[in-house]
Each structure stands twice: as structure tokens, then as C-alpha cells.
Amino acid sequence: MDNKNIISTDILIVGAGVAGLSTAISLSDKLKQKSLKKRIIIVEKGASVGSHILSGAVIRPQAFKELLTTGEFDGIPFDSKVSSVDKVIKLNDNGTDITLPLHPPYMSNDGNYLASLGQICKYLATLAEARGVEIYTGFSVDSVLYDDENKVIGVKTKDTGIDHNGVKQKNYQEGTKVKASITIFAEGTRGSAVKTVIDKLHLDAGKNPQIYSLGIKELWKLPKGRVEVGSVRHTFGYPLRDKEEFGGGFIYGLTNDMVAVGLVVGLDYEDPTFDPHSTMQIWKTHPYVSSILDGGSVVEAGAKTLPEGGWNSIPKYYGDNMLIVGDSAGFLSTPRLKGIHLAVQSAICAADTASFAMQKGDTSKKTLARYEELVNDSCIYDELYPTRNMRASMQRGMVCGGIQMGMQLLTGGACLLVPKVKNDYETTKDFSKFSNQPFNERFAGKLEFDKKLTFDKVTTVYKSKAMHDEIQIPHLQIKNKALFKNSNIDNYGLSEASMCPAEVYELHTDKQSGEKSLRLHAENCLHCKTCDIKSPNGAITWITPYGGDGPDYNMM
Ligand SMILES: Cc1cc2nc3c(=O)[nH]c(=O)nc-3n(C[C@H](O)[C@H](O)[C@H](O)COP(=O)(O)OP(=O)(O)OC[C@H]3O[C@@H](n4cnc5c(N)ncnc54)[C@H](O)[C@@H]3O)c2cc1C
Ligand code: SF4
């Protein structure tokens with residue numbers, strides 16, 4: 008794809024994650040069965056397939072069996088099968104731990120596999136290309152194209168060669184317009200293009216707002232024999248507080264003495280100073296975790312959000328000429344902490360719908376409504392509908408919420424008095440309303456990182472290999488600068504600096520006047536989307552930087 012053309016295709020897929028690639032594979036197969044020859048294009052902002060992919064990951068394999076041939080399934084680069092070590096552990100503040108005698112509902116991993124999702128995406132890309140799918144990496148989709156009736160007709164990639172003031176440089180190139188009969192949004196969590204479509208077409212009308220968690224992940228190399236291959240440990244408790252912060256940790260034992268560790272924290276917390284990255288570092292100092300990591304070294308690190316609202320937060324995921332798959336639609340099971348199999352399943356349903364529409368020669372929303380019927384007949388509905396009130400119940404704390412969740416298992420998900428779900432940016436309190444102990448006081452003495460077990464944010468950026476061209480309009484846009492100064496900086500103390508895992512936001516205080524202002528280090532950004540989700544007043548909009556910018560994950 009060169010940057011000067013308008014190009015046309017039958018199907019355009021935005022994002023080469025597991026959802027986008029699976030859609031392309033399944034669609035190619037279905038079109039072939041119908042003897043239809045159609046052009047399928049995938050546009051991916053990462054420099055290569057997988058470079059922006061970060062997941063756990065424990066994978067439920069069934070949907071891949073439906074997607075691929077037996078030979079192709081056998082070729083999936085899973086790391087290992089989950090072993091008999093599949094535990095849930097409560098970490099206590101006093102350094103002790105208790106392993107639960109039974110799995111909480113949905114948390115057993117029997118028959119599942121451990122893997123790097125980025126590696127699986129690379130493999131799926133080879134299968135898609137072998138079917139004739141064109142994959143263009145290093146191109147960011149910047150905006151969505153509509154016709155006169157507000158129907159989606161394609162996308163435009165990012166203009167390049169513009170300085171940070173918006174002045175065109177000698178190397179300016181306008182982005183490519185990609186026009187398509189059907190555009191499938193597979194941008195993953197908080198997709199920046201699909202977000203504008205959902206807003207414009209009111210696809211979330213009558214739904215709960217989508218709410219998110221942020222996962223901070225590190226991949227460690229350990230001394231030989233330290234961790235069992237295939238072992239799965241999920242923790243809850245320390246350093247998170249039961250009612251105030253929802254979330255927990257994961258420790259996945261991989262081959263070659265590698266271990267994937269991470270902490271996932273709900274972004275519906277109230278403390279304007281709460282810092283998920285530092286919380287992850289403190290989590291590692293609990294003796295249960297530190298005894299595993301001691302003597303090892305970090306190979307890669309990064310962060311990403313995940314949509315956790317469940318069934319009640321899923322927008323309408325089809326419209327005229329368009330479909331939404333995977334995390335972009337919110338197909339993720341919170342009690343399982345798993346979205347990969349649902350991304351694949353949604354891809355299969357979307358591909359079936361798109362091939363049907365191609366055959367019929369009708370891509371209107373009336374025809375594409377078939378996608379909803381297929382989703383409702385699939386494991387997506389079976390998994391998400393009965394747990395539809397679960398995440399909202401957890402706002403009462405893991406203990407109380409856990410009891411309510413148990414009752415929901417008996418009622419098929421029905422529940423009285425479910426707390427109202429608010430946007431994550433609405434739950435942060437400003438200093439005048441926040442009366443609890445702030446984060447820095449709560450963890451005083453634990454925020455000096457030793458660079459052996461615990462690390463600062465700059466080290467995480469370094470280990471993510473994130474890079475951005477500095478000659479561009481900052482991709483973190485402040486909607487209203489006066490409000491940002493008066494409210495986000497003065498009343499919330501720039502909570503963006505605490506929430507961001509990559510030190511992109513810095514609070515600068517002028518030595519003479521004492522005036523506080525923002526310094527932005529956009530080049531550090533990990534594309535986790537936390538600030539777009541959690542910034543008070545919804546003050547930050549994350550737009551795509553140049554294609555190829557961002558992290559360069561390998562095994563995440
Ligand atoms: C810390 C963490 C742990 C997790 N653990 C598990 C687990 O153990 N098991 C499990 O099943 N699930 C897990 N998940 C969830 C799982 O990773 C997601 O559900 C899954 O990755 C969703 O796939 P996707 O293709 O929809 O999105 P993604 O994997 O995010 O892929 C989206 C792709 O689109 C690209 N893209 C986005 N916007 C644009 C644009 N504008 N232009 C061009 N390209 C774009 C991105 O670069 C990316 O490559 C975890 C998630 C996290 C964050
Ligand atoms: S700037 Fe925003 S998207 Fe980028 S790493 Fe920080 S919180 Fe995440």
C-alpha cells in the first residue's frame with residue numbers, strides 16, 4: 008500500500024490482532040467454499056504483526072479448532088499445556104498467603120494452553136497470507152470515511168510528515184483512503200477509530216458504559232528449574248484493597264525457565280493518586296511472588312487495557328457496511344480473564360456474516376444483523392450472558408461481590424441491586440472529595456525501586472522497546488486546555504501521571520511562580536489507552552501516532 012492512493016477492497020479489516028486475523032482466515036475459507044473471489048485487506052499500526060500485542064496468556068483452544076484445519080491447529084506455537092498446578096492464592100498484607108481449596112467459578116484452566124499471543128498472531132498472519140489476504144503493517148488507521156447517509160465506507164490512514172504544531176514538512180504524505188464494501192473493526196481494547204463510529208452512530212445507546220482494567224505485564228527469565236512449565240497461579244488481595252481496587256495477579260510458568268507475571272487492576276478506582284504500575288511493583292515484593300522471581304531478570308515489559316464490562320456493556324456491533332469483532336466490541340469474559348477465544352469466535356461469526364453479505368450483494372445493516380444472531384447462538388452468549396452482572400457486583404469488593412456472583416450462578420445471572428456502572432473517568436475523585444489515605448502515603452517506604460525485583464516506569468518503557476517519531480502532532484490530545492489546567496491539574500493533581508504506566512505525563516512546577524503545568528513525553532507511550540479511558544473529565548483523547556510507532560513486543 009503506498010501512501011498516495013485511494014484504494015478499494017471488498018473487505019477491510021482494521022487491526023491484525025487475533026480477532027482481525029481470525030476474521031480474515033475464516034472469511035477466506037467461507038468465500039472459497041462459495042467460489043467467490045474477493046479482496047481482503049488488513050491494516051495494522053504495529054511495525055510488524057504481533058509488535059503491539061500483549062496478553063497473559065492462558066488460552067481456551069476450542070475456537071481455534073473451529074477456525075483452523077487439524078494440521079494448522081497442531082502448528083499453533085503454544086508454549087505448553089496447563090499443568091496440574093492451577094491455583095488461586097490469596098495474598099495477605101502480612102506477607103502470608105492462602106491457596107484456595109477450590110477454583111472460583113470459571114477459573115479452572117483444565118485443557119487450556121499457555122502462549123505468547125504475539126507469536127500466535129505472527130503464525131495466524133502466515134495462514135492468512137497463504138489464503139491470499141493482504142496484510143499492511145506500519146499503517147495507522149486515523150479516521151473513518153462515511154457517505155452522505157453516515158454509512159461507513161472505509162477508513163483513512165494517518166497523514167505523515169507534519170510537525171508538532173501541525174505544519175507540513177518536506178516529507179509530508181497524505182494518508183491512504185481505503186474504501187471497502189465492508190469494514191471490520193478489530194482494533195482491540197478501546198479502538199480509537201471504532202470509538203468514533205460508536206459515538207457517531209450511537210451504537211452504545213441503552214447500554215452500560217464500557218469499563219476497563221489495566222494489565223501491567225513482565226516476562227522474566229528465571230534460574231533453572233524455578234518454575235514448573237505449564238503452571239498457572241492467579242492471586243488476589245495484597246496490595247489491592249478489597250472494596251477499593253478490583254483485580255489480581257497472574258504467574259504463568261513457561262518453557263525455557265521463563266515466567267509471565269502481571270497485575271490487572273480495574274480502572275474504576277477513586278484515588279486520584281493511585282498508580283497501577285507501582286502497585287504491580289509492590290505486588291512483586293510479596294514473599295509469595297518474590298520467592299519465584301528472586302535471582303531472575305526481566306526480558307520484556309509492557310501494559311495494555313482490557314474491556315471488562317461484559318454483556319451489558321457491549322455496543323451494537325454491526326451497522327451498514329460495518330462489523331466490530333474481539334475486544335473492540337467488548338467480547339471478554341471477566342471471571343475467566345479471557346478474551347482470546349471469544350475474539351476468535353466473534354471472528355468466525357463476523358466472517359460468516361460478511362461472506363453471506365458478499366454472496367447476496369447486500370452489505371446493509373439488515374443483512375449484517377445476521378452477525379448478532381450468530382453471536383447469540385455461540386459460546387459468546389453462553390459465557391457472557393450468565394455473568395452479565397458480575398463485574399458490576401464486584402464494585403462491592405471481591406468478598407461481597409464473590410458471594411453475589413455465586414448467587415448469580417443459581418439465578419442464571421439475574422441479580423437484585425446491581426450497582427450502577429459509571430464510566431471509569433467518572434469514578435476518580437478530586438482531592439476535595441477524596442478522604443482516604445492517598446497512594447503515596449499508603450505505600451510510603453515501598454516506592455523506591457531496587458532495579459532487581461522492582462522497576463520504575465522508564466525501565467518498563469525501555470523493556471517494551473517503545474519508539475515514536477518526535478516530528479508529529481502529539482497523539483495524546485487535550486480536549487479543553489483551560490479545563491485541564493483548572494480541573495485535571497489543580498483539583499486532581501494530574502492523576503494522568505499516576506495512572507500512566509509509561510511516564511508520559513509529568514507534573515511540572517515552575518520554581519518561581521509555583522505554577523503547575525503538564526509536560527508530555529508522548530514518545531514513551533505504550534498504547535495501553537488508560538489515559539483515554541480514565542483521565543478525569545474524559546480530558547484526553549488518544550489518537551493514532553504514525554504507523555510503526557509504539558512498542559515492539561516480541562513474546563508478550
Ligand atoms: C494483561 C492481559 C492479560 C490477558 N490475559 C488473557 C488470557 O490469559 N487469556 C485470554 O484469553 N485473554 C487474555 N487477555 C485478553 C486478550 O488479550 C484479548 O481479549 C485479545 O487480545 C483481544 O484480541 P483483539 O484482536 O480483539 O485485540 P488485540 O489483541 O488488541 O489486537 C488489536 C490489533 O489492532 C491493532 N490496531 C489497533 N488500532 C489500530 C488502528 N487504528 N490502526 C491499525 N491497527 C490498529 C493493534 O495494534 C493490534 O495489533 C488479556 C489481556 C491483557 C491486557
Ligand atoms: S500515554 Fe496513555 S496510552 Fe500511552 S502509555 Fe500512558 S496511559 Fe497508556
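Residue numbers for the sequence shown follow the numbering used here, so the first one is 8 and each next one is one higher.
Where is the CB? At the ideal position from N, CA and C, for every residue including glycine.
Query	Result
Provide the residue span of the beta strand (DSSP E) that contains THR190, from first to last.	184 to 192
Within this structure, are the beta carbons of TYR219 and THR183 separated by less than 8 angstroms?	no
What separation, rounded to the nearest whole angstrom, lies between the Cα atoms of SER298 and THR466?	22 angstroms
Verify whether the separation of the beta carbon atoms of VAL266 and LEU247 is less than 8 angstroms.	no
Looking at ligand 2, does it come within less than 7 angstroms of MET506, judged from the CB to the closest heavy atom?	yes
What residues match up with ILE18 in a beta bridge as DSSP calls it?	ILE47, ILE189
State buried or exposed for VAL174, treating a residue as buried only when at least 16 other CB atoms are found within 10 Å of its CB.	exposed
For SER505, tell me which candidate among THR360, ASN544, THR286 has the shortest Cα-Cα distance.	THR286
Mapping the DSSP letters down to three states, classify GLN352 as helix, strand or coil.	helix
Quick check: does the Cβ of THR341 come within less than 7 angstroms of any heavy atom belonging to ligand 2?	no
Quick one: what's TRP549 bridged to in DSSP?	LEU483
Would you report the Cα separation of LYS459 and ASN495, rounded to the nearest angstrom?	34 angstroms
Near GLU564, what residues of its chain come up, given a Cβ to Cβ distance below 6 angstroms and the 5 sequence neighbours on each side ignored?	A query on residue 564 cannot be resolved here, the shown segment of the chain reaching from 8 to 563 and no further.
Please classify ASP104: does DSSP put it in a helix, a strand, or coil?	strand
Figure out for me which residue from ILE387, LEU330, MET397 has the closest Cα to the Cα of LYS373.	LEU330
Nearest CA to the CA of ASN443: which residue from LEU490, VAL151, LYS41, THR280?	THR280
Look up PRO314 in the DSSP assignment and give the residues it is bridged to.	TYR219
Could you check the C-alpha separation between LYS464 and ASP275 for me, to the nearest Å?	22 angstroms
With DSSP collapsed to three states, give me the class of VAL234.	coil
Once DSSP output is grouped into helix, strand and coil, what is the label at GLN444?	coil
Have a look at ILE289, PHE71, ALA376 and flag the residue whose alpha-carbon is nearest the alpha-carbon of PHE456.	ILE289
What number of angstroms, rounded off, separates the C-alpha of ASP117 from the C-alpha of VAL89?	7 angstroms
Evaluate contact between the region 239 to 255 and the region 477 to 497, counting only Cβ atoms and requiring at least three cross-stretch pairs below 8 angstroms.	no
Which residues in the same chain have their Cβ closer than 6 angstroms to the Cβ of THR16, if we skip the five residues on either side of it in sequence?	ARG46, ILE48, ALA187
Indicate the three-state DSSP secondary structure (helix, strand or coil) for GLY254 in the structure shown.	strand
Evaluate the contact criterion for the region 526 to 546 versus the region 19 to 37: three or more CB pairs, one atom per stretch, below 8 angstroms.	no
With DSSP as the reference, label ASP369 as helix, strand or coil.	coil
Could you tell me which of GLN126, TYR325, LYS250 sits nearest to VAL159, measuring between CA atoms?	TYR325
If you compare alpha carbons, which of GLU307, THR537, THR76 is closest to GLY222?	THR537
In the DSSP output, what is MET329 paired with across the bridge?	THR190, GLY326
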